[in-house]
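Enquirer: Numbering (this note's numbering), first residue to last: 102 to 288.
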Ligand SMILES: [Zn+2]
């Protein structure tokens, strides 16, 4: 009997996307005179709140300006709206590529820009740039997690594929350090 009832109740994934659709109206995009589009909160958003399901338009093997990295060699096209999200070294939102959700990193005021930390998803960016976000401790050179030291990266939310690539890099560095020390001792 209870099995029959379960068959007709919405799945978790379905209820999640319905909830997210309601929250999508919390986002407004703004086209600047220079042609760059940015995203803003059209109403207050609470820390940790799910703003949207991260759209999956298509899977790509190379990064473009519309993609977000989701694995060592996997990038997804996230559609026009979220691709307009600018980077900040003090981000207001995050893209969680494991749960495929866009969530608020902190309380966001109405009218505040929605920004995310690009190296939280990108290992080696196709288009590096010089950041002018104005945040305390702005990292300036934004080229992907690959170019940032581990202690710097650990201040931020990082997706699982980035954490795995950081671990692999650090293990390799330790190995070459040990080899170098071995050579020194061998002299
Ligand atoms: Zn910055």
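We put the CB at the ideal spot given by N, CA and C, even for glycine. The model shown is predicted, which means the values in this text are computed figures rather than measured ones.
Compare the C-beta of residue 231 against all C-beta atoms of chain B and say whether one is closer than 7 Å.
Expert: Here there is only one protein chain, and chain B is not present.
Enquirer: For residue 251, tell me which candidate among 175, 188, 264 and 244 has the shortest Cα-Cα distance.
Expert: Translated into the one-based positions of the chain shown, residue 251 becomes position 150. Per the Cα distances, 264.
Enquirer: For the structure I just gave you, are there three or more beta carbon pairs, one from the region 221-237 and one from the region 158-165, closer than 8 Å?
Expert: Short answer: they touch.
Enquirer: Taking a contact to mean a Cβ-Cβ separation below 7 Å, would you say residue 222 touches residue 170 in this structure?
Expert: Position 121 of the chain shown holds residue 222. Position 69 of the chain shown holds residue 170. Going by C-beta atoms, residue 222 is nearer than 7 Å to residue 170.
Enquirer: Under 5 Å from any heavy atom of ligand 1, by CB: list those residues in chain order, please.
Expert: Residues with a Cβ closer than 5 Å to any heavy atom of ligand 1, in chain order: 190, 232, 234 and 239.
Enquirer: Drop a sphere of 10 angstroms on the beta-carbon of residue 134, count the other beta-carbons inside from all chains shown, and report buried for 16 or more, exposed for fewer.
Expert: Here residue 134 refers to the residue found at position 33 of the chain shown. The residue is exposed, with fewer than 16 neighbouring Cβ atoms inside 10 Å.
Enquirer: What is the rounded straight-line gap between the Cα of residue 243 and the Cα of residue 187?
Expert: Locating residue 243 in the chain shown gives position 142, where the first residue counts as 1. Locating residue 187 in the chain shown gives position 86, where the first residue counts as 1. Each residue's Cα considered, the two are about 12 Å apart.
Enquirer: What does the Cβ neighbour count give for residue 235, buried or exposed, with the cut at 16 atoms within 10 Å?
Expert: The count along the chain shown starts at 1 and reaches residue 235 at position 134. Its Cβ having fewer than 16 others within 10 Å, residue 235 is exposed.
Enquirer: Along the chain, which unbroken stretches of the beta strand (DSSP E) at least 3 residues long are found entirely within the region 173-230?
Expert: Those beta strand (DSSP E) runs which fall completely within the region 173-230 and span 3+ residues are 175-178, 194-197 and 202-205.
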